[in-house]
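Notes follow once the structure below has been shown.
Protein chains: 2
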Amino acid sequence: MEFYDVVSRRHMVRSFLDAPVSSESIERILNAARRGPSAGYSQGVEFVVITDPDVRSKLSPPPEVLATKGVRNFIEEAPVVVLVCVSAEIYKSRYREGDKARARDGADDDDLWFVPYWHTDAGAAMMLILLAAVDEGLSAGVAGVMRADGQARMQRALGMPDTHIAIALIAIGHAAADARNVRSSANTRKRRPLDEIVHRNRW
Amino acid sequence: MEFYDVVSRRHMVRSFLDAPVSSESIERILNAARRGPSAGYSQGVEFVVITDPDVRSKLSPPPEVLATKGVRNFIEEAPVVVLVCVSAEIYKSRYREGDKARARDGADDDDLWFVPYWHTDAGAAMMLILLAAVDEGLSAGVAGVMRADGQARMQRALGMPDTHIAIALIAIGHAAADARNVRSSANTRKRRPLDEIVHRNRW
Chain W
96 MEFYDVVSRR HMVRSFLDAP VSSESIERIL NAARRGPSAG YSQGVEFVVI TDPDVRSKLS
156 PPPEVLATKG VRNFIEEAPV VVLVCVSAEI YKSRYREGDK ARARDGADDD DLWFVPYWHT
216 DAGAAMMLIL LAAVDEGLSA GVAGVMRADG QARMQRALGM PDTHIAIALI AIGHAAADAR
276 NVRSSANTRK RRPLDEIVHR NRW
Chain F
96 MEFYDVVSRR HMVRSFLDAP VSSESIERIL NAARRGPSAG YSQGVEFVVI TDPDVRSKLS
156 PPPEVLATKG VRNFIEEAPV VVLVCVSAEI YKSRYREGDK ARARDGADDD DLWFVPYWHT
216 DAGAAMMLIL LAAVDEGLSA GVAGVMRADG QARMQRALGM PDTHIAIALI AIGHAAADAR
276 NVRSSANTRK RRPLDEIVHR NRW
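Line by line, the protein sequences give chains W and F.
The first sequence begins at 96 in my numbering and counts up by one.
The second sequence begins at 96 in my numbering and counts up by one.
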């Protein structure tokens, strides 16, 4: 599919058909995901691809918790889920190597990593997965793993080591007919106009 | 261009010809950039697009500093530079709204934002810019604004308010013939194999 068609068709889908996704599509999506940039070519972003329904059922909060929140468990529903994770230590270690002395320039870790680039790069990988899914004729939706308790759940469900930070569960599959009706912030909030978010030559 | 061609052709370019980029290309790239996802549809990512050579010359460290580091000033060289910025406060404020009570679930800001999603979303926007540049037949290279002193430089050079965090300067233009010879971590480090970064069903 043409690049701009992929970009403009992409939107969050959080309701999926009970229909499989081919392993070829999954591998192409993962291959796209690993082609993102990384600071110092650290490559600290890793992925867990989950197709086992028993494992998928452990990724979300318990059903009774979801019920009180009125949230549909699209992570359990989707045939494929990719967890994007990242290791801060891989970045910090990379920038202690000799050829990075100029980037560090005497700064300590807190100063050097004022912007925690592992999160930037994880976001780039997330974007590639979301776009690649559309190119495969599929849909995808993100459940951000923001809160600290989400980290513990990923460690329990997947054996994710505490050297890594879980960033986002990305559900991938075929969109259900009701996908457009699922509650989403994008349904009730307007997209900010370009003039408001783009500054020209200075702020 | 086909999506996977864009993804596979993209690589960091840090040496540019003295050749202009059309304003149509710039606007299409910015329009792609704003189509990234954002947590709670917060849309806290903003951009400064810099074409004025006088402003571009203020974005990098002084020439004498670059010279001691052996770094080429590709940011001044490129005809177009886009600074990706993000406001953490826009995200925090969005998640204080009523419909986000279920996501917050009593957590304080430190717990809720264990993963600082503004950085994730800024990375997604960066990825879209890098890909869109390739689709336009152009090349792009990132100068990450990691260190605290980079923030101060963006505030001075662009009038960026301290409500926003500068994430990355993205130089966009036509690649020079020597672009492949410019020092880059990707030239000396191997890409990690897929088996090493992808885990199946569990870590």
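C-beta atoms are modelled at their ideal positions from N, C-alpha and C, and glycine is treated no differently.
What you are looking at is a predicted structure, and each value in this text was computed from that prediction instead of being measured.
- prompt: For residue 114 of chain F, which residues from the same chain have a beta carbon less than 8 Å from its beta carbon, with the 5 sequence-adjacent residues on both sides left out?
  reply: Numbered from its first residue, the second sequence carries residue 114 of chain F at position 19. Excluding its 5 nearest sequence neighbours in each direction, residue 114 of chain F has C-beta neighbours in its own chain below 8 Å: 174, 268 and 269, listed in chain order.
task: Could you tell me whether the Cβ atoms of residue 262 of chain W and residue 217 of chain W are closer together than 7 Å?
output: Working through the first sequence from its first residue, we reach residue 262 of chain W at position 167. Working through the first sequence from its first residue, we reach residue 217 of chain W at position 122. In this structure, the beta-carbon distance from residue 262 of chain W to residue 217 of chain W falls below 7 Å.
task: Whole angstroms is fine: what's the gap from residue 198 of chain W's alpha carbon to residue 158 of chain W's?
output: Counting from 1 along the first sequence, the entry for residue 198 of chain W is found at position 103. Counting from 1 along the first sequence, the entry for residue 158 of chain W is found at position 63. Residue 198 of chain W and residue 158 of chain W: Cα-Cα distance of roughly 47 Å.
task: Count the other CB atoms, across all protein chains shown, that sit within 10 Å of the CB of residue 178 of chain F; report buried if there are 16 or more and exposed otherwise.
output: Counting from one through the second sequence, the residue named residue 178 of chain F turns up at place 83. Counting C-beta atoms within 10 angstroms of its own C-beta, residue 178 of chain F has 16 or more neighbours from the protein chains shown and is therefore classed as buried.
query: Where does residue 211 of chain W land, buried or exposed, given buried means 16+ other C-beta within 10 angstroms?
result: Position 116 of the first sequence holds residue 211 of chain W. It is buried - the Cβ of residue 211 of chain W has at least 16 other Cβ atoms within 10 Å.
Boundaries of the beta strand (DSSP E) in which residue 141 of chain F is found, first to last residue: Mapped onto the second sequence, residue 141 of chain F falls at position 46. That run of the beta strand (DSSP E) goes 140-145.
field: Contact residues within the stretch 167-194 of chain F, judged by C-beta distance below 7 Å to chain W
entry: If the cut-off is 7 Å between Cβ atoms, the stretch 167-194 of chain F has nothing near chain W.
field: Closest Cα partner of residue 128 of chain W within the set F:276, F:229 and F:222
entry: Sequence index remark: in the first sequence, residue 128 of chain W carries index 33 (1-based). The alpha carbon of residue 128 of chain W has as its nearest neighbour, out of F:276, F:229 and F:222, the alpha carbon of F:222.
- prompt: Assuming residue 141 of chain F contacts residue 294 of chain W under a Cβ cut-off of 8 Å, what Cβ separation, rounded to an integer in Å, is found between them?
  reply: Looking up residue 141 of chain F in the second sequence gives position 46. Looking up residue 294 of chain W in the first sequence gives position 199. The distance from the Cβ of residue 141 of chain F to that of residue 294 of chain W is about 7 Å, consistent with a contact at the 8 Å cut-off.
field: Counterpart residues of residue 265 of chain W in DSSP-defined beta bridges
entry: By one-based count along the first sequence, residue 265 of chain W stands at place 170. Paired residue(s): W:177 and W:237.
- prompt: Counting along the chain, where does the alpha helix (DSSP H) carrying residue 229 of chain F start and finish?
  reply: Along the second sequence, one-based indexing puts residue 229 of chain F at 134. 212-230 is the extent of the alpha helix (DSSP H) around residue 229 of chain F.
Where residue 258 of chain F meets chain W, residues with beta-carbon distance less than 8 Å: Translated into positions along the second sequence, residue 258 of chain F becomes position 163. For residue 258 of chain F, no chain W residue has a C-beta closer than 8 Å to its own C-beta; the minimum C-beta separation is roughly 10 Å.
- request: From the DSSP output, in three-state form, read off residue 150 of chain F for me.
  value: For this step, residue 150 of chain F is matched to residue 55 along the second sequence. Residue state, collapsed to three classes: helix.
message: Under DSSP, the alpha helix (DSSP H) around residue 248 of chain W begins and ends at which residues?
response: The residue you call residue 248 of chain W lines up with position 153 of the first sequence. Residues 243-253.
query: The alpha helix (DSSP H) with residue 295 of chain W in it runs from where to where?
result: What you label residue 295 of chain W is simply residue 200 of the first sequence in a count that begins at 1. Per DSSP, residue 295 of chain W belongs to no alpha helix (DSSP H); it is in the beta strand (DSSP E), 293-295.
query: Are the CB atoms of residue 271 of chain F and residue 112 of chain F nearer to each other than 7 Å?
result: As a position in the second sequence, residue 271 of chain F is number 176, starting the count at 1. As a position in the second sequence, residue 112 of chain F is number 17, starting the count at 1. Yes, these two residues count as a Cβ contact at 7 Å.
message: Looking at the secondary structure, which residues open and close the alpha helix (DSSP H) in which residue 282 of chain F lies?
response: Residue numbering aside, residue 282 of chain F sits at position 187 when the second sequence is read from its first letter. Looking at the DSSP string, the run of the alpha helix (DSSP H) that includes residue 282 of chain F is 280-283.
field: Neighbour list for residue 126 of chain W in chain F, Cβ cutoff strictly below 8 Å
entry: In the first sequence, counting from the first residue as 1, residue 126 of chain W sits at position 31. Residues of chain F passing the Cβ test: 289.
message: Please state the DSSP three-state secondary structure of residue 270 of chain W.
response: Within the first sequence, the letter at position 175 stands for residue 270 of chain W. DSSP places residue 270 of chain W in the strand class (E or B) of the three-state scheme.
query: Taking a cut of 8 Å between CB atoms, which residues from the stretch 101-118 of chain W lie near chain F?
result: Taking a C-beta cut-off of 8 Å against chain F, the contacting residues of the stretch 101-118 of chain W are 101, 102, 103, 105 and 107, listed in chain order.
- prompt: If we ignore side chains and look at the alpha-carbon of each, how far apart do residue 176 of chain F and residue 206 of chain F end up?
  reply: Mapped onto the second sequence, residue 176 of chain F falls at position 81. Mapped onto the second sequence, residue 206 of chain F falls at position 111. Using only the alpha carbons, I get a separation of about 35 Å.
- request: Consider the C-beta atom of residue 246 of chain F and the heavy atoms of the ligand MN; say whether any pair is separated by less than 6 Å.
  value: Annotation note on the ligand MN: not contained in the displayed structure, which lists no ligands.
query: Is the Cβ of residue 149 of chain F closer than 7 Å to any Cβ of chain W?
result: Working through the second sequence from its first residue, we reach residue 149 of chain F at position 54. Taking Cβ atoms only, chain W never reaches closer than 7 Å to residue 149 of chain F, which makes this a no.
message: My parser needs the alpha helix (DSSP H) runs of 4 or more residues fully inside the stretch 156-208 of chain W; what are they?
response: Along the stretch 156-208 of chain W, the alpha helix (DSSP H) occurs as fully enclosed runs of 4 or more residues at 158-164, 169-172, 183-189, 196-199 and 204-207, listed in sequence order.
- prompt: Does the stretch 234-254 of chain F come within contact of the stretch 276-284 of chain W, defined as at least 3 CB pairs closer than 8 Å?
  reply: A contact between stretches requires three or more CB pairs, one per stretch, nearer than 8 Å, and the stretch 234-254 of chain F fails this requirement with the stretch 276-284 of chain W.
query: Going by the beta-carbon positions, is the gap between residue 253 of chain W and residue 181 of chain W smaller than 7 Å?
result: Locating residue 253 of chain W in the first sequence gives position 158, where the first residue counts as 1. Locating residue 181 of chain W in the first sequence gives position 86, where the first residue counts as 1. In this structure, the beta-carbon distance from residue 253 of chain W to residue 181 of chain W does not fall below 7 Å.
field: Rounded separation between residue 286 of chain F and residue 163 of chain F - CA only
entry: Translated into positions along the second sequence, residue 286 of chain F becomes position 191. Translated into positions along the second sequence, residue 163 of chain F becomes position 68. Each residue's Cα considered, the two are about 29 Å apart.
query: CA-CA distance, residue 227 of chain W and residue 274 of chain W?
result: Working through the first sequence from its first residue, we reach residue 227 of chain W at position 132. Working through the first sequence from its first residue, we reach residue 274 of chain W at position 179. The alpha-carbon atoms of residue 227 of chain W and residue 274 of chain W are separated by roughly 19 Å.
- prompt: Roughly how far, in whole angstroms, is the beta-carbon of residue 150 of chain F from the beta-carbon of residue 297 of chain W, given that I think they are within contact range, below 8 Å?
  reply: Here residue 150 of chain F is taken as the residue at index 55 of the second sequence, counted from 1. Here residue 297 of chain W is taken as the residue at index 202 of the first sequence, counted from 1. With a Cβ gap of about 7 Å, residue 150 of chain F and residue 297 of chain W count as contacting.
message: Would residue 98 of chain W and residue 96 of chain F qualify as a contact pair, given that the criterion is a beta-carbon distance under 7 Å?
response: The residue labelled residue 98 of chain W in the question sits at position 3 within the first sequence. The residue labelled residue 96 of chain F in the question sits at position 1 within the second sequence. A contact, by the Cβ cut-off of 7 Å.
field: Integer Cβ distance of residue 229 of chain W from residue 123 of chain W, believed to fall under 8 Å
entry: Stepping through the first sequence from its first residue, residue 229 of chain W is reached at position 134. Stepping through the first sequence from its first residue, residue 123 of chain W is reached at position 28. Going by Cβ atoms, the distance from residue 229 of chain W to residue 123 of chain W rounds to 12 Å, so no, they are not a contact pair.
- prompt: Going by beta carbon distance, what residues of the same chain come within less than 7 Å of residue 245 of chain F, once the five residues before and after it are set aside?
  reply: Here residue 245 of chain F is taken as the residue at index 150 of the second sequence, counted from 1. Only 261 meet the Cβ criterion.
query: residue 107 of chain W bridges to which residues according to DSSP?
result: Taking the first residue of the first sequence as position 1, residue 107 of chain W is located at position 12. Residue pairing by DSSP puts residue 107 of chain W in a beta bridge opposite W:235.
- prompt: Taking only beta-carbon atoms, is residue 247 of chain W less than 7 Å away from chain F?
  reply: Translated into positions along the first sequence, residue 247 of chain W becomes position 152. No, no contact with chain F.
message: Within 7 Å of any Cβ in chain W, is that where the Cβ of residue 267 of chain F sits?
response: Position 172 of the second sequence, counted from the first residue, corresponds to residue 267 of chain F. No, residue 267 of chain F does not count as interfacial toward chain W.
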